[in-house]
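**Q**
In the working numbering, the protein residues as written are 10 to 81.
1. If distances are taken between C-alpha atoms only, which option among 74, 69, 36 and 52 comes closest to residue 60?
2. May I ask you to report which of helix, strand or coil DSSP gives residue 33?
3. Hey, would you say residue 32 sits closer than 8 Å to residue 42, going by beta carbons?
4. For residue 57, which residues in the same chain have their Cβ closer than 6 Å to its Cβ, ignoring the five residues on either side in sequence?
5. Does DSSP classify residue 147 as helix, strand or coil?
6. Using a Cβ-Cβ cutoff of less than 6 Å, which residues in the same chain neighbour residue 75 once the five nearest sequence positions on both sides are dropped?
7. When the Cα atoms are used, what is the spatial distance from residue 79 to residue 45?
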């Protein structure tokens, strides 16, 4: 089995929009971390499910992030 080209894979999700969303989340969280000196998180979740009896899978993806603030 050939390894997945991660950059190409991420770039193709939602026609490239998902990659932009990741970039935005990373920037927002990084700014919050620096401004508030607290830990932030960016979480990517990929759920894979086999398509019938094939050697293919469907991939569902989710982005979640938490920007630290002064109060929490």
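Yeah, the Cβ is synthetic: ideal placement off N, Cα and C, and Gly gets one too.
Predicted model, so just to flag it, every value in this text is computed and none were measured.
**A** With the given structure in hand:
1. For residue 60, the closest of 74, 69, 36 and 52 by C-alpha to C-alpha distance is 69.
2. Helix.
3. A distance of 8 Å or more separates the beta carbons of residue 32 and residue 42.
4. Around residue 57: 66 and 68.
5. Nothing about residue 147 can be read from this structure; the chain reaches only from 10 to 81.
6. Once the five neighbours on either side are set aside, the close Cβ partners of residue 75 are 49 and 50.
7. Computed Cα separation, rounded: 6 Å.
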